[in-house]
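Colleague: Using the working numbering, you'd call the opening residue of the sequence shown number 43 and step up by one each time. In this text, a Cβ means the ideal position worked out from N, Cα and C, and glycines have one as well.
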Amino acid sequence: MRALLRASHTARRFARGLRFLAIVVLGGCAPTRPRPAPAPRPPPPRVLVVALEQVALRATAWVELHAWLAAAARSPSSTGDPEIDAAAVEYAAALADDDRDELLGRSTHALEACDDERCARAAVLGTPFARPYLATLPHFLERHWTERATTARNAIEVARAAIPPESEVLVNALARDLAIDWPLSPPPPVDVVAAAPEPGRDAPVRALLGAHGGCFSKLPKESERVQSARITDCVLGYAALRLADRSELAVAIDRELVARGRAAERTRAWTAVAVHAVAVTVATWEPRHVSSLRRSTAVVMPAVMQWLAEEWPARIRGEPVASFAKRYVDAFLAQ
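#1: Which first and last residues belong to the alpha helix (DSSP H) in which D233 is found?
#2: Is T169 near the ligand SAH - that is, is its Cβ less than 7 Å away from at least one heavy atom of it?
#3: Would you kindly work out how many angstroms separate the C-alpha atoms of R310 and A165, rounded to a whole number?
#4: Kindly indicate which three-state DSSP category T169 falls into: helix, strand or coil?
#5: If we require 4 or more residues per run, which alpha helix (DSSP H) segments fall completely within the region 100-161?
#6: Identify the residues that DSSP records as bridge partners of A435: which are they?
#7: Tell me which same chain residues have a C-beta within less than 8 Å of the C-beta of V213, skipping the five on either side of it?
#8: Per the DSSP calculation, A222 is bridged to which residue(s)?
#9: In the DSSP assignment, what residue or residues form a beta bridge with G401?
#10: I need the boundaries of the alpha helix (DSSP H) containing C276, first residue and last residue.
#11: Counting C-beta neighbours from all protein chains within 10 Å, is the total for G360 16 or more, i.e. buried, or is it exposed?
#12: Less than 8 Å separating the beta-carbons of S333 and V324?
#13: Please return the same chain residues whose Cβ sits closer than 6 Å to the Cβ of R88, not counting the five positions on each side in sequence.
#14: Quick one: Cα of A217 to Cα of A305, how far?
#15: Is P329 helix, strand or coil by DSSP?
#16: Taking only beta-carbon positions, decide if S120 is within less than 8 Å of chain D.
#17: I need the straight-line Cα distance from V211 to E125, nearest angstrom please.
#18: Tell me whether the beta-carbon of S209 lies closer than 8 Å to the beta-carbon of T150.
#19: What residue does the alpha helix (DSSP H) around A305 start on, and which one ends it?
#20: For L285, which residues from the same chain have a beta carbon less than 7 Å from its beta carbon, with the 5 sequence-adjacent residues on both sides left out?
#21: Would you mind working out which of W327, A113, A376 sits nearest P344, comparing C-alpha positions?
#22: So, helix, strand or coil for Q348, using DSSP?
#23: DSSP on I205, reduced to helix/strand/coil?
#24: Ignore the nearest five residues each way along the sequence and tell me which others in A351's own chain have a CB closer than 8 Å to its CB.
#25: Rounded to whole angstroms, what's the CA-CA distance from P329 to H186? Just pull it up for me.
#26: Hey, quick one: how far does the alpha helix (DSSP H) through A376 stretch, first residue to last?
#27: When you compare only the Cα positions, how much space is there between A172 and A101?
#28: Would you please state the rounded distance, in angstroms, between the beta carbons of L99 and V92? I believe it to be under 8 Å.
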């Protein structure tokens, strides 16, 4: 009888062990509660600004779309997005005769002044870009702005790291030679886009500073200092181009052009002087520097850039603004 009781007790213990084992095994195989999906990242602000001491590097959705459509219009390859490609076809028609980028430049500058969508919509109204730009804008903001903003922001960070501590000295020298009221508060903005459109056939430089292109590319065996000089040159060059209204020299050049009935040449004349002055100034910091902007301008206006190479020392040494402007316009109009 006792043997039977012991056997029964052992069987019960064995059964309890099996049940425990089953609970452990089955519990380990039970489906785990799904983890909550990470909250989607909010889209980047439509205006991104990184303020430095001498300049403010900026990326905006309004300028970015305009730049992308213009770049796609001048490129034979597809963007991969039918809506963007269709808008680019209309942009190509608008830019067909804009060899000097005058139309592209005006519309770009109007959009550069915008901090919101309402301003951007108003900026393109009345231009050949209005229909494709406005039709594509909602699609661009929803599908592409995040990616394009990331590319532009990465370029901004590269530029911020590349500009040397001596930039204040460079800006002071540049301000003296170009007779510009600079440094400024707030600093002048330089818009950066993922890809700037190719310049028109007779345009000295691209309308915008692009993350992809000569300014940010690194050449084989190139030192970081030389690369930094090229990026600094591009940033200061585009800043100087925006400061014509603050330059006594630009005003004097404009006055000479108006007197000779050539006021429409103001932008080209100022571009040549500004990019040459920046190239010379940055080369004082890094003698091996070769300016992408100056090289591009020299392709379009070789005689003027050669004249500046020979005569600019006179301005650096203090030739009066009015005197230099007169001699420069003589050379500029004779090209």
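Modeller: The relevant details are as follows:
#1: Run containing D233: none in the alpha helix (DSSP H); it sits in the beta strand (DSSP E), 231-237.
#2: Of the ligands one can find in the structure shown there are none, so the ligand SAH has no counterpart to examine.
#3: 23 Å
#4: coil
#5: 103-115, 124-137, 144-154
#6: Because residue 435 is not part of the residues shown, which for the chain are 43 to 377, the question remains open.
#7: Q96, W224, P225, L278
#8: Note that residue 222 is Ile in the sequence shown here, rather than Ala. The partner list for I222 (beta bridge, DSSP) reads S289.
#9: With the chain covering 43 to 377 only, the question about residue 401 has no answer from this structure.
#10: 266-283
#11: exposed
#12: yes
#13: A103
#14: 24 Å
#15: coil
#16: Given the protein chain composition of this structure (a single chain), no chain D is represented.
#17: 47 Å
#18: no
#19: Looking at the DSSP string, A305 is not in any alpha helix (DSSP H), and its letter there is neither H nor E.
#20: I222, W224, P230
#21: A376
#22: helix
#23: coil
#24: H318
#25: 40 Å
#26: 363-376
#27: 21 Å
#28: 5 Å
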